[in-house]
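Here my numbering is used: the first residue of the sequence shown is 19, the next is one more, and so on. Just below is one structure, and these are the notes that go with it.
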Amino acid sequence: RQRMARRDGWVHDPARHGHDRGRHDRHLAGCPRIGRYLQAVDRDAQLRNHSRIVSLPAKEQNIRGFSGADLIVEDESSRVPDDLYTAVRPMLAVSQGKLILMSTPFGKRGHFWETWSKGGNSWERLQIRATECPRITPEFLAEERQSLGDWFFRQEYMTEFVESVDALFTYEQVHRALSSEVRPLII
C-alpha cells in the first residue's frame, strides 16, 4: 500500500463522461480517512505526498498520451470497450506498473472475459459472490433474483459469466464446432 501511495495512478471510470465535481466532493467527504490526504482538482486528486490520481472518461482517444502510470484501475471492466483496454496497456510499459480490472461479468465476451478465462497465471483472480457478504441478507437476494431475473442476478450478484442473452449458441458450442481438420470453404 505504501508503494502505491507514493506513485501516480490512472483510474479509468467509464461512468464519467463529464466531470461531476459535486459527486466527487461528496464521495471524498464520505471517506474521511482518504479525504484528509487528498486535494480535489477537477478530474485529479493530489495526495499530500505529491502522488496523483487521475480519473479519465471511457474514450480511447481521450487517454492517449498518458504514460508512466504505476497503477491503472479499470472499473466496470466488462463494459469498457476493448479498444480502450488496448490503448491503456502501453501506459505501463516503462513503469512496469500494475493493471487492475474490476467488474461484475457481462456475458462471455470482451477483454474482461478473455482475461478472466484465458489470462494465464500472470493474473490474480478474486471472486466474491453476494452470498459471501454478511451485510447482504438472503431475503434481499431472493427479492433481487425475482426482480432482475436469473440472467442478470447470476452476473450482478453471483459474479458468474453467463451466455449473452441474445446468443443463439453457447460459447462452448461454438468452440466445440471449430476444427483444424476441416478445410475452409472458399467460394
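A virtual CB, placed ideally from N, CA and C, is assigned to each residue, including glycine. All figures in this text were calculated on a predicted structure; none of them were measured in a lab.
Assuming the contact rule is C-beta atoms closer than 8 angstroms, residue i and residue j should be a hit. Round their C-beta distance to whole Å, please.
i: Gly115; j: Ala160; result: Wrong, their Cβ atoms sit about 42 angstroms apart, outside the cutoff.
Under the DSSP definition of a beta bridge, which residues are partnered with residue i?
i: Lys116; result: Leu89
i: Arg70; result: Gln64
May I ask you to report which of helix, strand or coil DSSP gives residue i?
i: Gln64; result: strand
i: Asn80; result: helix
i: His35; result: Here the model assigns His35 a pLDDT of 38, short of 50, so the residue's position is not dependable and the matter cannot be decided.
i: Phe187; result: coil
i: Ser95; result: helix
i: Trp169; result: helix
i: Pro123; result: coil
i: Trp134; result: helix
i: Met176; result: coil
i: Pro201; result: Before going on, a small fix: residue 201 reads as Arg here, not Pro. Looking at Arg201 - three-state DSSP - the assignment turns out to be coil, as it is neither helix nor strand.
Taking the Cβ atom as the reference point for each residue, do residue i and residue j lie within a distance shorter than 9 angstroms?
i: Arg143; j: Phe124; result: no
i: Ser85; j: Pro108; result: yes
i: Ile81; j: Leu117; result: no
i: Ser121; j: Ser95; result: yes
i: Ser135; j: Phe171; result: no
i: Glu199; j: Thr188; result: no
Open item on the list: Three or more C-beta pairs under 8 angstroms: does that hold for the stretch 86-104 against the stretch 123-138?
Closed with: Taking 8 angstroms as the limit for Cβ pairs, the verdict is that the stretch 123-138 does touch the stretch 86-104.
TODO: Could you tell me whether the stretch 140-148 touches the stretch 171-181, using the rule of 3 or more Cβ pairs below 8 angstroms?
DONE: The answer is yes - the stretch 171-181 touches the stretch 140-148, with three or more Cβ pairs under 8 angstroms.
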